[in-house]
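Student: Position 224 of the sequence shown, counted from 1, bears residue number 224 in UniProt numbering, the numbering being contiguous throughout. Right, I'll just put the structure down here and ask away after.
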Amino acid sequence: MSSVKQRNKNNAQERASHSSSDDVAKKSSKGSKGGSTNTGSGILGKVFTIVLYLALISAAGFAGYYLQIVMEQVSEINSRNEESSAQALELVKRVESALQQVDSLRLTVRNFDISLKDTNKELESTNKAVRKGETETHRIEEVLHKLQNEILQDLSDGIRDVKESRERDFSSLEQTVEERLTELTKSINDNVSVFTEVQGVTQNELQTIKSKIDAVEDLGLLKQELLAITTAVADLSTATEVKEEAIKSLTNQIRSLQSEVQTRNQEVASTVQEFEELKGTVQRTGSSLRELISEAETSIKFVSGEVQVLHEGLQQVKASISEQEQNLLAMATSGEKTESLESRLKAVEENTETLIVSASEQSDSLESIFSKYDSHTSSLSTLERDIESIKSSASKRNDLDLQSAVQKVTEAQESFISDIEMLKNNLSELQIAAQTAEITQNEILSLDKSQKQQIQEHEQRLAEVEDNLKTQTTEEGDQSVQTSINDLKSSFSQAQNDLRMLRTAVDSLVAYSVKIETNEKELVSLKNLMDEMKSAMDTLSRELESVQGRI
Numbered sequence: 001m002s003s004v005k006q007r008n009k010n011n012a013q014e015r016a017s018h019s020s021s022d023d024v025a026k027k028s029s030k031g032s033k034g035g036s037t038n039t040g041s042g043i044l045g046k047v048f049t050i051v052l053y054l055a056l057i058s059a060a061g062f063a064g065y066y067l068q069i070v071m072e073q074v075s076e077i078n079s080r081n082e083e084s085s086a087q088a089l090e091l092v093k094r095v096e097s098a099l100q101q102v103d104s105l106r107l108t109v110r111n112f113d114i115s116l117k118d119t120n121k122e123l124e125s126t127n128k129a130v131r132k133g134e135t136e137t138h139r140i141e142e143v144l145h146k147l148q149n150e151i152l153q154d155l156s157d158g159i160r161d162v163k164e165s166r167e168r169d170f171s172s173l174e175q176t177v178e179e180r181l182t183e184l185t186k187s188i189n190d191n192v193s194v195f196t197e198v199q200g201v202t203q204n205e206l207q208t209i210k211s212k213i214d215a216v217e218d219l220g221l222l223k224q225e226l227l228a229i230t231t232a233v234a235d236l237s238t239a240t241e242v243k244e245e246a247i248k249s250l251t252n253q254i255r256s257l258q259s260e261v262q263t264r265n266q267e268v269a270s271t272v273q274e275f276e277e278l279k280g281t282v283q284r285t286g287s288s289l290r291e292l293i294s295e296a297e298t299s300i301k302f303v304s305g306e307v308q309v310l311h312e313g314l315q316q317v318k319a320s321i322s323e324q325e326q327n328l329l330a331m332a333t334s335g336e337k338t339e340s341l342e343s344r345l346k347a348v349e350e351n352t353e354t355l356i357v358s359a360s361e362q363s364d365s366l367e368s369i370f371s372k373y374d375s376h377t378s379s380l381s382t383l384e385r386d387i388e389s390i391k392s393s394a395s396k397r398n399d400l401d402l403q404s405a406v407q408k409v410t411e412a413q414e415s416f417i418s419d420i421e422m423l424k425n426n427l428s429e430l431q432i433a434a435q436t437a438e439i440t441q442n443e444i445l446s447l448d449k450s451q452k453q454q455i456q457e458h459e460q461r462l463a464e465v466e467d468n469l470k471t472q473t474t475e476e477g478d479q480s481v482q483t484s485i486n487d488l489k490s491s492f493s494q495a496q497n498d499l500r501m502l503r504t505a506v507d508s509l510v511a512y513s514v515k516i517e518t519n520e521k522e523l524v525s526l527k528n529l530m531d532e533m534k535s536a537m538d539t540l541s542r543e544l545e546s547v548q549g550r551i
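Pasting the structure below:
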């Protein structure tokens, strides 16, 4: 700009110098030619030259100012051209990046097609597994129905047998106790009458002896006879006292037997009530298991429907990916949506961890049930051994005296009481086992609820994935789609694991029902052993009567 201004100034000065030299030449020529010109024309020429100088100076100033403005405009145009060239380069780079993104989208579409084929294969395998699960659930339902019917029949038969045996045994026991009491009272009365007769005879003999003493003079012989008689009387009195003590002990034992019979009646009634409660719990567990199986079937059907919906959604995704090439400016929203998908995936992982924890708790509860059952079987075996020992002791009782018989009777009573306490403990353990079965049932219900929640979360996540795929165009969006597909695969595998856990729980409950049947059989055997104990007690009472007769 400065060089142009200097050039313009130099040109103006040269023009001014040329014009001034021309004017001087004209003036000199005029002066030489017409020296006689007047002063007025000289003044006008000077004024004209001054005006010309002023016009030239103003024209030069205006030209310089105009040139300055033109140069500023030229510089602005150059800067604009540079900016436009930079923008053109940026546009070229953006176009190249867009072409690269289009190529990457094509590759992702190909990978997506491959993953869709894989998912279709996996869906077919899952459908086969679901069909197998349905067949297994039907089979389990049939087995449970059969087991329930058998358990109900066995329980009803056992209750009837217990009632009939209780009525027969206790009626016979009451009759025998009454007969024995009447016989004991008769024997006591007979012994008292005999004792009175003996006392009368002894008094008569004493009177005769006194009369003989008065009549006989040999006092030494009489003293010896009197000593013998007094010793005999003392022996008789001691024998009668022993008999009275034995009679009192027998009456006390009879009373204790009566109280034990009453306690046995109460215990048998309580056992019948506990059997009825167990029957109710078995029915409730069977109905709850059926409901759980039906709910599992509905959830499986719902999952299959969701799989079909997912397949349709994936087909729609193919169409939406072609539209993503035209929507490259909506890249900012994809990051937030991928973060929301990651948060939902974390929530799903937490739910799976809770399911694993609940499954471990369920396995622990089943192991505790099995351990309690083993303790119950061991207690039953100890009961059988005790009863066999009582039988063996009862077979050797014929050659023993009264005191050993009484001691063994008391020992048998104590052992019988301990056996009853053991039975009570076993029944309480059975109740605890029923409660643990209810706990496992509640855990299965919680598993089913968690499955439903997971299915709802999958629905929400699929809806969000479809919404995101309509607006998402970058590689990160494609990666989120692939991650969502992988998450769906993991969710299907988790559903299969949950179904396997339900199957194991149902199998464990079936095994528990079988063990309950074995426990019922063992209780029936215990009832038979109790009947044998009663018969042994009858034989003991008969032996006591025979001992009394001998005395």
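C-beta: ideal position from N, C-alpha, C; glycine also.
Determine the contact status of R180 and I254, defining contact as a CB-CB distance below 8 Å.
Tutor: Taking the sequence shown and counting its residues from 1, the one referred to as residue 180 is at position 180. Taking the sequence shown and counting its residues from 1, the one referred to as residue 254 is at position 254. Going by C-beta atoms, R180 is nearer than 8 Å to I254.
Student: Between the C-alpha atoms of Q153 and R139, what's the straight-line distance to the nearest angstrom?
Tutor: Within the sequence shown, residue 153 is the residue found at index 153, counting from 1. Within the sequence shown, residue 139 is the residue found at index 139, counting from 1. For Q153 and R139, the distance between alpha carbons rounds to 21 Å.
Student: Can you give me the C-alpha to C-alpha distance between Y65 and A55, rounded to a whole angstrom?
Tutor: Residue mapping note: residue 65 aligns to position 65 of the sequence shown, counting from 1. Residue mapping note: residue 55 aligns to position 55 of the sequence shown, counting from 1. Each residue's alpha carbon lies about 15 Å from the other.
Student: Does the beta carbon of E241 fall short of 7 Å from some heavy atom of the ligand SAH?
Tutor: Of the ligands one can find in the structure shown there are none, so the ligand SAH has no counterpart to examine.
Student: Tell me the rounded alpha-carbon separation between T208 and V201.
Tutor: For this step, residue 208 is matched to residue 208 along the sequence shown. For this step, residue 201 is matched to residue 201 along the sequence shown. Near 11 Å, if we compare the C-alpha coordinates of V201 and T208.
Student: I need the straight-line Cα distance from E90 to I57, nearest angstrom please.
Tutor: Here residue 90 is taken as the residue at index 90 of the sequence shown, counted from 1. Here residue 57 is taken as the residue at index 57 of the sequence shown, counted from 1. Each residue's Cα considered, the two are about 50 Å apart.
Student: Take the Cβ of T196 as the centre, count every other Cβ of all protein chains shown within 10 Å, and call the residue buried at 16 or more, exposed below.
Tutor: By 1-based counting over the sequence shown, the position of residue 196 is 196. T196 should be labelled exposed.
Student: Distance cutoff 8 Å, beta carbons only. Does T240 sit that close to anything in chain B?
Tutor: Of the chains in the structure shown, none is chain B; there is only one protein chain.
Student: Let me know if T185 comes out buried or exposed under the rule of 16 or more other beta-carbons within 10 Å of its beta-carbon.
Tutor: Mapped onto the sequence shown, residue 185 falls at position 185. Per the 10 Å Cβ criterion, exposed.
Student: Using 10 angstroms around the beta-carbon of T119, count the other beta-carbons present and answer buried if the total reaches 16, otherwise exposed.
Tutor: Counting from one through the sequence shown, the residue named residue 119 turns up at place 119. Result: buried.
Student: Grouping DSSP H, G and I as helix and E and B as strand, with all else coil, what is S365?
Tutor: Taking the sequence shown and counting its residues from 1, the one referred to as residue 365 is at position 365. Summary for S365: the model assigns pLDDT 49, below 50, so the residue's position carries little reliability, and this model does not support an answer.
Student: Alpha carbon to alpha carbon, how far is A228 from N189?
Tutor: As a position in the sequence shown, residue 228 is number 228, starting the count at 1. As a position in the sequence shown, residue 189 is number 189, starting the count at 1. Taking the straight line from one Cα to the other gives about 29 Å.
Student: Answer with buried or exposed for L105, where buried requires no fewer than 16 other C-beta atoms within 10 angstroms of its C-beta.
Tutor: Against the sequence shown, residue 105 aligns to sequence position 105. Its Cβ being crowded by 16 or more others within 10 Å, L105 is buried.
Student: By the three-class DSSP mapping on this structure, what secondary structure does K337 have?
Tutor: Residue numbering aside, residue 337 sits at position 337 when the sequence shown is read from its first letter. Caution is warranted here: a pLDDT of 47 is assigned to K337, below 50, making its placement in the model unreliable, and the coordinate value is therefore given only provisionally. In the structure shown, K337 sits in a helix (DSSP, three-state: H, G or I).
Student: So, is T231 buried or exposed, given that buried needs 16 or more other C-beta atoms within 10 angstroms?
Tutor: Here residue 231 is taken as the residue at index 231 of the sequence shown, counted from 1. Exposed: under 16 other Cβ atoms inside 10 Å.
Student: Would you kindly work out how many angstroms separate the C-alpha atoms of E274 and D157, rounded to a whole number?
Tutor: Your numbering for residue 274 matches position 274 in the sequence shown. Your numbering for residue 157 matches position 157 in the sequence shown. Cα to Cα, E274 sits roughly 15 Å from D157.
Student: Label L44 either buried or exposed according to how many other C-beta atoms from any shown protein chain fall within 10 Å of its C-beta, with 16 as the threshold for buried.
Tutor: Against the sequence shown, residue 44 aligns to sequence position 44. Counting Cβ neighbours within 10 Å, L44 comes out exposed, since fewer than 16 surround it.
Student: Taking the C-alpha atoms as reference points, what is the distance between A239 and E245?
Tutor: Residue 239 sits at position 239 when you count from the first residue of the sequence shown. Residue 245 sits at position 245 when you count from the first residue of the sequence shown. Computed Cα separation, rounded: 10 Å.
Student: So, at 7 Å on beta carbons, what are the nonlocal neighbours of S287 in its own chain, with the 5 sequence-adjacent residues on each side left out?
Tutor: Residue 287 sits at position 287 when you count from the first residue of the sequence shown. Once the five neighbours on either side are set aside, S287 has no close Cβ partner at all.
Student: Within 10 angstroms of its Cβ, does T263 collect 16 or more other Cβ (buried), or is it exposed?
Tutor: The residue given as residue 263 occupies position 263 in the sequence shown. Within 10 angstroms of the beta-carbon of T263 lie fewer than 16 other beta-carbons, which makes it exposed.
Student: Would you tell me roughly how many angstroms separate the C-alpha atoms of S270 and E150, rounded to the nearest one?
Tutor: By 1-based counting over the sequence shown, the position of residue 270 is 270. By 1-based counting over the sequence shown, the position of residue 150 is 150. Straight-line Cα distance between these residues: approximately 23 Å.
Student: Here's the rule: buried if 16 or more other CB atoms are within 10 angstroms of the residue's CB, otherwise exposed. What is T108?
Tutor: Within the sequence shown, the letter at position 108 stands for residue 108. Classification for T108: buried.
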